[in-house]
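All remarks here apply to the structure that follows.
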Amino acid sequence: MEEGSDGEKDGDDNEDDDDQDEDDSDDDLPEEELMLDPDTCCDIVLQVSVKKGQEIYNTYGDLSNPMLLARYGFAVHNNPHDYVSLGKQILRYKKARPETEERLQWWTDSGHSIFCEFVKSLIKEQQPAHVQGAGCGDGWCEEDSCCQDEHGEHSGHDEHGCCDDDECQDDCCNNDEMSWLLSARIEHPGAPSHFVYALAKLVTLSEEDFKTIVEDTSESHIKKYLVKSTKVADKVLLQWCQERYDDYVYLKDLNSKQIEELSVRTSETSTDRVIDILIQNEKAILEKCMSSFEKL
């Protein structure tokens with residue numbers, strides 16, 4: 001009996017040895033063969049070229065630098081998901097001009113949600129056939145095909161964006177001031193959103209035109225009174241951008257290029273560098289937007 005037990009034990013040991021040999025055999029396979037095994041590798045398709053040995057950025061999601069900083073403690077140069085909010089500047093404008101109170105109240109009560117539906121219809125019209133039926137609320141929002149310029153008169157609005165998380169999701173089309181303030185912003189790399197330009201149009205309409213859009217919010221009227229560019233609306237938007245630019249206290253007197261050079265030379269801690277990147281990117285967005293309007 002004892003010999004039988006020893007025999008069984010020896011058999012178990014042999015099985016373990018065989019398993020170990022199989023594991024070792026995987027390790028001994030050349031790299032080329034391992035790369036053919038879908039269980040040991042995956043394919044990565046790069047959209048931009050990288051140098052050998054350069055770290056490939058592993059995305060944390062379509063997050064702006066403030067969100068990356070808050071969640072993960074870092075920021076990305078030239079982040080395509082960055083934007084600059086002009087909500088505070090619009091509230092200042094409203095406070096300084098009581099005559100805009102009625103217009104912005106209408107925007108809060110119904111105008112913003114009406115305009116949001118108009119923008120969604122634009123997106124649906126511009127979608128490829130294979131995604132017809134999807135909308136902003138469904139997550140279909142490509143930068144190059146969504147909500148592009150309807151102005152058609154100058155290059156200042158050629159890169160309108162409208163489809164980031166805060167702007168086209170259904171909960172951001174609610175009828176409250178906080179919701180539409182989130183959508184009033186300048187998108188990367190320097191394009192005013194449809195929503196912020198509509199606000200610039202709204203506060204500069206004549207009384208007669210304002211009454212017209214309130215009484216009739218048809219698509220043709222929305223395009224005419226809230227989308228089509230005007231010099232006076234351009235001027236107001238430029239003012240909001242400049243005020244936002246002047247609001248920076250840290251690195252106040254430096255432009256984005258100077259901040260980039262300063263960050264490389266003098267930032268002593270990772271926190272300093274991240275803050276420099278965040279401000280540099282936001283200033284670059286505003287600079288490009290203001291430059292496009294100043295050339296008009």
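The numbers in the sequence shown follow the UniProt record's numbering, run straight up by one, and end at 296. Quick reminder that beta carbons are idealized off the backbone N, C-alpha and C, glycines included.
- For Ile213, the secondary structure class from DSSP, reduced to helix, strand or coil, is helix.
- A distance below 8 Å between beta-carbons, with the five flanking residues on each side excluded, links Tyr245 to the following residues of its chain, in chain order: Lys283, Leu286, Glu287 and Met290.
- When beta bridges are read from the DSSP output, Ser85 appears opposite Arg185.
- In this structure the stretch 95-114 touches the stretch 194-205; the number of beta carbon pairs closer than 8 Å is three or more.
- Under the three-state reduction of DSSP output, Ala75 falls in the coil class, being neither helix nor strand.
- Here Ala96 is exposed, its C-beta having fewer than 16 other C-beta atoms within 10 Å.
- Between Leu237 and Asp176, the alpha-carbon positions lie close to 22 Å from each other.
- Taking a 10 Å sphere around the C-beta of His77, we find fewer than 16 other C-beta atoms and assign the residue as exposed.
- Counting the other CB atoms within 10 Å of its CB gives Gln258 a total below 16, which places it among the exposed residues.
- Within the stretch 195-243, the alpha helix (DSSP H) runs of at least 4 residues that lie entirely inside it are, in chain order, 207-215 and 219-222.
- Scanning Cys42, Asp234 and Ser218 for the CA closest to the CA of Ala198 turns up Asp234.
- In the same chain as Arg92, and ignoring 5 residues on each side of it, the C-beta atoms closer than 8 Å to its own belong to Glu243, in chain order.
- If you draw a straight line from the Cα of Pro80 to the Cα of Ser193, it is about 14 Å long.
- Across the structure, Glu101 and Ile90 are spaced so that their CA atoms are roughly 11 Å apart.
- Under DSSP, Pro192 takes part in a beta bridge, and its partners are Ile186.
- Ranked by Cα distance from Thr271, the first of Ile56, Phe195, Gly73 and Met67 is Gly73.
- By the Cβ-count criterion, Tyr83 is buried, with 16 or more other Cβ atoms from all chains shown falling within 10 Å of its own Cβ.
- For Arg103, the enclosing alpha helix (DSSP H) covers residues Glu101 to Trp106.
- In the three-state reduction of the DSSP assignment, Arg265 falls in the helix class, which pools H, G and I.
- When DSSP states are grouped into helix, strand and coil, Lys94 belongs to the helix group.
- Residues of the same chain with a CB within less than 6 Å of the CB of Leu181, apart from the 5 flanking positions on each side, are Gly87 in chain order.
- The three-state reading of DSSP puts Val249 in coil, since its state is none of H, G, I, E or B.
- Cβ-Cβ separation between Leu278 and Pro66: approximately 7 Å, consistent with a contact (criterion under 8 Å).
- In the structure shown, Lys288 adopts helical secondary structure according to DSSP, grouped into three states.
- Gly53 sits in coil when the DSSP states are folded into three classes, being neither helix nor strand.
- For Val274, the closest of Ala75, Lys295, Val249 and Leu63 by C-alpha to C-alpha distance is Ala75.
- Put simply, the backbone Cα of Ile56 is about 8 Å away from that of Val50.
- Listed in chain order, the non-local C-beta contacts of Asp209 below 7 Å within the same chain comprise Tyr225, local neighbours out to five positions each way being set aside.
- For His188 and Cys241, the gap between their C-alpha atoms comes out near 14 Å.
- The beta carbon of Ser218 sits closer than 8 Å to no other beta carbon from its chain once the five residues preceding and following it are set aside.
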